[in-house]
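Reading through the structure tokens given below for one structure.
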């Protein structure tokens, strides 16, 4: 069992940056692929990035995923934020190697709101 708690969301002006954190509790954090998704009102949950060990990949070049296994934490650094980045951001844990869709993830955090003002 893995519990995930996101933090670092908030209100930021367009062009700004934020770093989201996701702290995990439970065993074997380093064995999970960790991912970030977001969901805007009325839209489907959207895959952003994932990382297994130190190898990460992102579908958005402005967003960089990283992890610190010693701290059981995964991060998402978001740069050059735009109003369309406004959403609830979720982290999730998966046993898949390269998971990109929600159903491939086993555990989810409660989400953190990111609002980008124009």
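Numbering (the working numbering), first residue to last: 746 to 863.
Just so you know, even glycine gets a beta-carbon here, dropped at the ideal spot from N, CA and C.
Treat the numbers as computed from the prediction; the structure is a model and nothing was measured.
Close Cβ partners of residue i (< 7 Å) along its chain, the five nearest in sequence each way excluded
i, result
"residue 839", "777, 778, 780, 849, 850 and 851"
"residue 856", "751, 833, 834 and 835"
Assigned exposure category for residue i - 16 Cβ within 10 Å defines buried
i, result
"residue 843", "exposed"
"residue 756", "exposed"
"residue 804", "exposed"
"residue 764", "exposed"
"residue 787", "exposed"
"residue 837", "buried"
Integer-rounded CB distance, given that residue j should sit under 8 Å from residue i
i, j, result
"residue 802", "residue 751", "Residue 802 to residue 751, Cβ: 20 Å. No contact."
"residue 825", "residue 760", "6 Å"
Residues near residue i by beta carbon distance below 6 Å, same chain, minus five either side
i, result
"residue 775", "814"
"residue 847", "790"
"residue 768", "750 and 818"
Helix, strand or coil at residue i according to DSSP, with G and I counted as helix
i, result
"residue 789", "coil"
"residue 751", "strand"
"residue 830", "helix"
Nonlocal neighbours in the same chain, by C-beta distance under 8 Å from residue i, ignoring five residues either side
i, result
"residue 828", "759, 861, 862 and 863"
"residue 794", "780, 781, 801, 802, 803, 804, 805, 808, 809, 810 and 821"
heavy atom of the ligand SAH below 7 Å from residue i C-beta
i, result
"residue 806", "As for the ligand SAH, it is missing from this structure, which has no ligand bound."
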